[in-house]
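Chemist: Quick one: this structure, given as structure tokens, is what I'll be asking you about.
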Amino acid sequence: MVINVGKLVVKVLEGKEKREKQYEVMREELDPYTTVLELLLKIREEQDPSLVLRYSCRMALCGSCGMIINGRPRLACLTKMKDLDEPIRIEPLKNVGTIRGLVPDLSSFFSKYRKVRPFLVAKDEEEQESPKSPYRQTDEEVKRYLQFNYCIQCGLCYSACPVVSSNPNFLGPAAINVAYRYTADSRDSDKLRVLLLDTPNGVWSCRVAGSCSVVCPKGVDPSLSIQLAKSLILRRKI
Amino acid sequence: MRESTLRELTYLSGLAILLLVIIHLVKLSVGGFTVNTSFSQVALSLKDPAYSVTLILLLAFILTHSSLGIRRTLLDSGKSNLTVKAALGILGVVFLIILVLGILTVW
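Read top to bottom, the protein sequences are chains A and B.
Heads up, the first sequence is in my numbering, so the first residue is -5 and it goes up one at a time.
Heads up, the second sequence is in my numbering, so the first residue is 9 and it goes up one at a time.
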């Protein structure tokens, strides 16, 4: 899709077949701070009601509007048009399927996320079901995992990862990040999670490309958490 | 065997290769490379048990390191576990033959 706004060119490659569509929007109707999401919604409202995309909060909290914008995974609600070179090219996220239009199928992403047990595990079942006292943490204990807690599961890191692209069995940056987040939490007693990471398609598949950290909209730095997870695995073995 | 153990083995074999290659190259360089690679000189060098063992170890570590590297490459390419095991099985036989031939060469 090409949108000409005085003229701004935007190409949208939608659907599983990546069909290219072009639209025209008057540049005067936009301002430099218009986001890609606002632009797409304007197109949908005024020109093509069949344009399908996923969005929710519009403020980079929910992670729903992830898509490839000018070759890079970004959140549409966070990406301003003034920061983009023209023509603007939009397509669905890579490394995941496409349901329709620009809507990604994140089922593989979330199944790997769930696989690493992303929750606190107490030392025994009784404690898990009925904690006897509050879990207190020092500032230092919180700092160990706080940065990695900001993940909004948008899937941008998964889409950017070159290892996921060649090996669909790789857990992916987000899953390993959340696994490290809970393992580094002093309130957690799960011994199984680390073993899940110490597998052929776990942390050791990571090649430290760093693409995940570059595209993360929340500054999580999943590449760092993956390397910390490797270090943790080796130290625990010793 | 855990994946982290295999990774440690990869790193250690790599370091061992580096060290042994340095010894091998120094041995070949001292006195002149052309002289040291002549048939008579090589035959003489192989009579030294320490040097022979060094070469066998170098070969063993190279075969180990490359096997682990090929395994990792196949896994990262998304190949199934069955394919990886089959490939490593065949490779294992070939590498074993190479190692035996190497030992027989310096024997």
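Yeah, the Cβ is synthetic: ideal placement off N, Cα and C, and Gly gets one too.
Anything in the region 27 to 60 of chain B with a Cβ closer than 9 angstroms to a Cβ of chain A? List those residues in chain order, please.
Modeler: Listed in sequence order: no entries.
Chemist: For chain A, find out if any of its Cβ atoms is closer than 8 angstroms to the Cβ of Leu83(B); answer yes or no.
Modeler: For Leu83(B), the answer is yes, since a Cβ of chain A falls inside 8 angstroms of its Cβ.
Chemist: Among the residues of its own chain, which have a CB less than 8 angstroms from the CB of Pro216(A), if the five just before and after it don't count?
Modeler: Excluding positions up to five away in sequence, the list reads Phe142, Cys145, Cys151, Pro167, Ala168, Ile170, Asn171, Cys206, Ser207 and Cys210.
Chemist: Using a Cβ cut-off of 8 angstroms (strictly closer), state whether Gly196(A) contacts chain B.
Modeler: At least one chain B Cβ lies under 8 angstroms of Gly196(A).
Chemist: Which residues does DSSP list as the beta-bridge partners of Glu11(A)?
Modeler: Partner(s): none; Glu11(A) has no beta bridge.
Chemist: With 16 as the cutoff for other CB atoms within 10 Å, does Glu139(A) come out buried or exposed?
Modeler: According to the sequence shown, residue 139(A) is Tyr rather than Glu. The residue in question, Tyr139(A), is buried, as its Cβ has 16 or more Cβ neighbours within 10 Å.
Chemist: Val114(B): which of Asn89(B), Ser74(B) and Thr62(B) sits nearest, CA to CA?
Modeler: Taking only the C-alpha atoms, the option nearest Val114(B) is Thr62(B).
Chemist: Does Gln16(A) come out as helix, strand or coil in the three-state DSSP assignment?
Modeler: If DSSP states are grouped into helix, strand and coil, Gln16(A) belongs with the strands.
Chemist: Determine whether the Cβ of Ser12(B) lies closer than 8 angstroms to any Cβ atom of chain A.
Modeler: At least one chain A Cβ lies under 8 angstroms of Ser12(B).
Chemist: Beta-carbon of Ser102(A) versus every beta-carbon of chain B: anything under 8 angstroms?
Modeler: Output row for Ser102(A): interface = no.
Chemist: What does Asp84(B) pair with, by DSSP beta-bridge criteria?
Modeler: Paired residues: none, contrary to the question.
Chemist: Taking the Cβ atom as the reference point for each residue, do Pro162(A) and Gly86(B) lie within a distance shorter than 8 angstroms?
Modeler: Yes, these two residues count as a Cβ contact at 8 angstroms.
Chemist: Could you tell me which residues DSSP puts in a beta bridge with Thr132(A)?
Modeler: In the DSSP output, where bridge partners are listed per residue, Thr132(A) has none listed.
Chemist: Please state whether the Cβ-Cβ distance between Val188(A) and Arg230(A) is less than 8 angstroms.
Modeler: Yes. Within cutoff.
Chemist: Just mark Met61(A) as buried or exposed, buried being the case when its beta carbon has 16 or more other beta carbons within 10 Å.
Modeler: Met61(A) comes out buried.
Chemist: Based on the DSSP output, what are the partners of Lys74(A) in its beta bridges?
Modeler: Note: Lys74(A) sits in a beta bridge opposite Thr29(A).
Chemist: Go ahead and pull the three-state DSSP assignment for Ile37(A).
Modeler: Note: Ile37(A) maps to helix in three-state DSSP.
Chemist: Is the beta carbon of Gly95(A) closer than 8 angstroms to that of Leu31(A)?
Modeler: For Leu31(A) and Gly95(A), no; Cβs fall outside 8 angstroms.
Chemist: By a C-beta neighbour count over all protein chains shown, 10 Å radius and 16 as the cutoff for buried, is Ala58(B) buried or exposed?
Modeler: Exposed.
Chemist: Apart from the five residues just before and just after Asp182(A), which ones in its own chain have a Cβ nearer than 7 angstroms to its Cβ?
Modeler: Answer for Asp182(A): Leu114, Val115 and Tyr176, listed in chain order.
Chemist: Could you check the C-alpha separation between Ile64(B) and Ile111(B) for me, to the nearest Å?
Modeler: About 6 angstroms.
Chemist: Among Gln131(A), Lys76(A) and Ser50(A), which has the Cα closest to the Cα of Asp25(A)?
Modeler: It is Lys76(A) whose Cα lies nearest to the Cα of Asp25(A).
Chemist: Examine chain B for any beta-carbon lying closer than 8 angstroms to the beta-carbon of Ile220(A), and answer yes or no.
Modeler: No - not a single Cβ of chain B is within 8 angstroms of the one on Ile220(A).
Chemist: Quick check: Leu28(B) and Leu76(B), are their CB atoms within less than 8 angstroms of each other?
Modeler: Not in contact: Leu28(B) and Leu76(B) (Cβ atoms no closer than 8 angstroms).
Chemist: Report the three-state DSSP secondary structure of Pro308(A) (helix, strand or coil).
Modeler: This structure gives no information on residue 308(A), because the portion of chain A shown stretches from -5 to 232.
Chemist: Measure the alpha-carbon distance for Asp142(B) versus Lys35(B) and round it to whole angstroms.
Modeler: In the structure displayed, chain B extends from 9 to 115; residue 142(B) sits before or after that span and is not available.
Chemist: Taking contact to mean 3 or more Cβ pairs, one atom from each stretch, closer than 8 angstroms, check whether the region 48 to 63 of chain A and the region 78 to 89 of chain A are in contact.
Modeler: They touch, by the three-pair rule.
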